[in-house]
DNA sequence: TGCCCTCGGGG
DNA sequence: GTGTACGAGGGCA
């Protein structure tokens, strides 16, 4: 019998004959679809009444009823396994039977059920034979059996596309594609009749047969546009799938396709990079050092009329940029690692939720241990559990700050306290700070602690292999893998500690965070007992000043503390040194210069999203941060003041005051009259400029005192003929800066924080004097001081 | 402090 | 498709 090693990319099923279809790429880098017949859906009923069983026995769609015992709600219970013919009828059964009986595991997608039951990994060796079939793939295989195989990462074929269409009437002008497979690259430029463009695009997808389709904001724009326009042109069918089926919209936001992964570059950049601005141009600049071509997309109709070739070239460039961005952030590579450790098709990792990852691990384990799999509870309002402990932070500038992190705090807590949905019990001897009881390990070892311990060991093993390896590729491989395991472990606590999930409840999540709070508070107490000033702490990290004012001694000091406070399975890791470190006394807001292990500026909680603000705001903030990081608080405050006065006096380039936002059609809004973007759009129209719903409009505030505020549209390249409300802008700037400088008078406490350290060891008097000075000059610095 | 509304990306 | 879907920021009570 022939066999193929396959990396699974997507999993689905065909209704006809109920055939499971696994799409992927082989070790030889051929595209493949694996068909498997004979697998049928099933679920469980907990101790069903006889009447239900009688009905099921008479039901022609029911294939089999089988008695079994499952561990449910803390005890073994009599259950019945119900196998039925068609996966798409399961929801009906679930709802119907759910009225009189507890139903288990009836909400697991069919293809996943299959993967779990055959315990398939992300890569499998499939035995079977080649057959004919209506697919775009190189190979169509009828599978007989699966075996394990070494994971591998084949090259994937990626197609990136972009379209340009009329703002006025929506007509698609062009679709351009950039395709990449191994070292080969292709491009396609489609233009002409709209109907032809769309149909040619379908042919291009079928011809190149990509594993991955990408582009920038294709989920939210290009894909819906193509579907919408195809309807306008009377195209009935868009067979983009590897089985010639159509795109399916999931949850209003995402798209799925049989055999191909839709990986929107925008979403992935958002997730992986969190850029402060998300436009393609900005992201291309920061990631690739490239920019878009010189076409104004807000005037696409004129541009098209003027120079078609230029617009087509612009369109192709955008497709290429999206492709390069996706490659740059290496999401496919990382996703393959995460798919390997969570044993899932790559698609589920890229487009699925974290609970999908956890399900994959946990449901298999539950099945093996005859533990009932509850269904996801649909709760409207989610009951919030108390989160991590956040230590209060005194305002001030601190020096040589050591940051220590609890290594895998939540997993450690779960393991050491045997926290699990299988161990929660009134009879338990482990009592959480919230009073919830869990059986101890001797009585019943929890599933969750078991899995997490295994993952932790796996990660250590991979790390060891990485350390032993001499080969660069191998080192990279192991590094990706250990990172993926870390991500997976974090996903566990994410799901268990903070939200509803099929296997947990707020009591369990609340217990986990309560234990964690207890841990960190204990460490803070112990550190303080050693006369160390703990500056800050959040969930699993503590910040304290080193008594030394140089890097080497500080590093040794931090290491020593980390080692000493690691005990009982909880490890405190020395993570970084900050010099200096500043906070104005608000939790979760601070700035620091990381000087070890690598140099970078760390800003938390102060970031401004450019789209929500005008340029001057972030400019001002950055300038002030720069001074603070130079330890010149005087200068920082001075800069802040000057900036505000300049704005109040109108000494500022007008473009720095422009606020932009998109505007939908007016009647879309609840009360359009109060919205600045609507006001700007209306005035823009009155001035004789075009406004199309969805367009981005720019404006400047001319009277911020009125409610709603008065704004005037700003048209780039044209002189602004109104007077900006400089006081309004000065106030906004002051408000932004006051977030940092409104340290109520750099009070004694804030000074002490630094002074103590320096005088204690008789060093660095200059620095404390500098602080004294600030204390004298800035009694209280508030909004009024700026005005 | 907490709830409600809006937006981002794209043309 | 045996299914679930963001997250930050501003305004306002």
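In my numbering, the protein residues as written are 217 to 1003.
Ideal Cβ placement from N, Cα and C applies to all residues, glycine included.
Source: prediction; values computed, not measured.
First and last residue of the uninterrupted beta strand (DSSP E) at residue i
| i | result |
| --- | --- |
| residue 748 | Neither: residue 748 is in no beta strand (DSSP E) and is coded neither H nor E. |
| residue 856 | Not the beta strand (DSSP E): residue 856 falls in the alpha helix (DSSP H), residues 849-864. |
| residue 183 | Any property of residue 183 remains undetermined from this structure, which presents the chain solely from 217 to 1003. |
| residue 364 | 355-364 |
| residue 320 | 318-320 |
| residue 400 | 400-407 |
| residue 252 | 247-253 |
Enclosing alpha helix (DSSP H) for residue i [first to last residue]
| i | result |
| --- | --- |
| residue 472 | Careful: residue 472 lies outside any alpha helix (DSSP H), inside the beta strand (DSSP E) at 470-472. |
| residue 672 | 663-684 |
| residue 332 | 326-333 |
| residue 258 | It is not in any alpha helix (DSSP H) - residue 258 instead sits in the beta strand (DSSP E) that spans 258-262. |
| residue 314 | 306-314 |
| residue 484 | 481-489 |
| residue 627 | 625-633 |
Residue j beta carbon less than 9 Å from that of residue i
| i | j | result |
| --- | --- | --- |
| residue 259 | residue 298 | yes |
| residue 251 | residue 359 | yes |
| residue 227 | residue 563 | yes |
| residue 545 | residue 485 | yes |
| residue 674 | residue 691 | no |
| residue 672 | residue 624 | yes |
| residue 948 | residue 830 | yes |
| residue 362 | residue 341 | yes |
| residue 474 | residue 219 | no |
| residue 620 | residue 758 | yes |
| residue 224 | residue 561 | yes |
| residue 221 | residue 267 | no |
| residue 781 | residue 743 | yes |
| residue 707 | residue 567 | no |
| residue 667 | residue 578 | yes |
| residue 752 | residue 822 | no |
| residue 388 | residue 442 | yes |
| residue 304 | residue 231 | yes |
DSSP beta-bridge partners of residue i
| i | result |
| --- | --- |
| residue 618 | 760 and 793 |
| residue 223 | 241 and 339 |
| residue 376 | 394 and 430 |
| residue 285 | 294 |
| residue 689 | None; residue 689 has no bridge partner. |
| residue 230 | 235 |
| residue 879 | 911 |
| residue 272 | BP columns for residue 272 are empty, so no partner. |
| residue 806 | 820 |
Residues of its chain near residue i, where Cβ-Cβ distance is below 6 Å and the 5 sequence neighbours each way are ignored
| i | result |
| --- | --- |
| residue 432 | 481, 482, 496 and 538 |
| residue 318 | 262 |
| residue 845 | 809 |
| residue 644 | 653, 654 and 655 |
| residue 710 | 570 |
| residue 217 | 343 |
| residue 945 | 863 and 873 |
| residue 603 | 729 |
| residue 670 | none |
Own chain residues within Cβ distance below 8 Å of residue i, not counting five before or after
| i | result |
| --- | --- |
| residue 320 | 259, 260, 261, 262, 286, 288, 295, 588, 589, 590 and 591 |
| residue 976 | Note on residue 976: pLDDT 20, under 50, position unreliable in the model; no value is reported. |
| residue 872 | 830, 831, 832 and 835 |
| residue 953 | 836, 837, 840, 856, 859, 860 and 1002 |
| residue 507 | 497, 500 and 501 |
Neighbourhood of residue i by C-beta distance below 7 Å, restricted to the same chain and skipping five residues each side
| i | result |
| --- | --- |
| residue 724 | 635, 637, 640 and 712 |
| residue 680 | none |
| residue 499 | 485, 491 and 541 |
| residue 931 | 905 |
beta-carbon residue i near the ligand SAH non-hydrogen atom, thresh 8 Å
| i | result |
| --- | --- |
| residue 754 | As for the ligand SAH, it is missing from this structure, which has no ligand bound. |
Are the region 578-590 and the region 718-737 touching, with three or more C-beta to C-beta distances below 8 Å? yes
Any 3 or more C-beta pairs closer than 8 Å across the region 658-666 and the region 626-646: yes
Please determine if the region 396-411 and the region 366-379 are in contact, where contact requires at least 3 C-beta pairs separated by less than 8 Å. yes
Tell me, please, whether the region 925-937 touches the region 837-844 by the rule of three or more beta-carbon pairs shorter than 8 Å. no
Answer yes if the region 812-820 comes into contact with the region 787-797, meaning at least three C-beta pairs across the two stretches below 8 Å, and no otherwise. yes
Is there contact between the region 526-538 and the region 378-386, where contact requires at least three CB pairs shorter than 8 Å? Result yes; three or more Cβ-Cβ pairs closer than 8 Å.
Taking 8 Å as the threshold, find out whether the region 381-393 comes into contact with the region 511-521 through three or more Cβ pairs. yes
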